[in-house]
Amino acid sequence: MDTLEKPNRVRTTKQRQAILQVIRSSRAHLTADDIFQQVKKSQPNISLGTVYRNLELLTQAGSLSKAVFSDGKARFEFTGAHHHHLICLSCGSTVDIPVCPVGEEVTAFMKSSNFQPCHHHFEVYGYCAQCVTN
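Note that the working numbering numbers the sequence shown so that position 113 is 120, with each residue one more than the last.
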């Protein structure tokens, strides 16, 4: 039985493979509905609920990461290099920030507060160059 190559192994199914293929082939951060619309093309009997359950399972297994943007919708991407996002409030485009803004000051504050971080997200909201010029 095949498993996905991540820390917590999950059995591979055709539906999970289709979900992962959609995410792999996209350059955007996709919502569950975006993924559902694409997967439905190759798996016409799949339900939105099945997509949600599999996205949560794959996130819990460490294969995907989930970020909730200002519109309240969760978006998914492969777990990879630690990064953050610039998010356009007009068109919704996102750009990965290649560096982490959690620097020495924040780290020292967490340490002095005896705070043990598990994970964090950093998003900057504004307007992309294309929306600013329109």
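Ideal Cβ placement from N, Cα and C applies to all residues, glycine included.
Computed from a predicted model, the values in this text were never measured in an experiment.
Query raised in the report: Any idea if glutamate 111 is buried or exposed, counting beta-carbon neighbours within 10 angstroms, 16 or more meaning buried?
Result: The count along the sequence shown starts at 1 and reaches residue 111 at position 104. Around the CB of glutamate 111, fewer than 16 other CB atoms lie within 10 Å, so the residue is classed as exposed.
Report task. Give a yes or no on contact between the region 54 to 71 and the region 15 to 24, applying the rule of three or more CB pairs nearer than 8 angstroms. Result -> The region 54 to 71 makes contact with the region 15 to 24; the number of CB pairs closer than 8 angstroms reaches 3 or more.
Report task. Per DSSP, which residues does serine 72 bridge with? Please list them. Result -> As a working mapping, residue 72 is identified with position 65 in the sequence shown. Paired residues: Glu84.
Report task. Compare the beta carbon distance of tyrosine 5 and leucine 96 with 8 angstroms and say whether it is the shorter of the two. Result -> Residue numbering for the chain in the displayed model covers 8 to 141; residue 5 lies beyond these limits and cannot be assessed.
Query - Where valine 139 falls: helix, strand or coil (DSSP) - result: As a working note, residue 139 is residue 132 in the sequence shown. Looking at valine 139 - three-state DSSP - the assignment turns out to be helix.
**Report entry** Same chain, Cβ closer than 6 angstroms to arginine 23, neighbours up to 5 away in sequence not counted
**Finding:** Here the question's residue 23 lines up with position 16 in the sequence shown. By the criterion of a C-beta distance shorter than 6 angstroms, arginine 23 is surrounded in its chain by Asn61, once the five residues flanking it on both sides are discounted.
Query - C-alpha distance - glycine 56 paired with threonine 101, whole-angstrom precision - result: Taking the first residue of the sequence shown as position 1, residue 56 is located at position 49. Taking the first residue of the sequence shown as position 1, residue 101 is located at position 94. Rounded to the nearest whole angstrom, the C-alpha separation of glycine 56 and threonine 101 is 26 angstroms.
Report task. Give the single residue among Ile26, His92, Ser33 whose Cα lies nearest to the Cα of alanine 74. Result -> Within the sequence shown, the letter at position 67 stands for residue 74. When each option's Cα is compared against that of alanine 74, the closest is His92.
Query raised in the report: Helix or strand or just coil, what does DSSP make of glycine 110?
Result: On the sequence shown, residue 110 is found 103 positions in, with the first residue counted as 1. Coil at glycine 110, not helix or strand.
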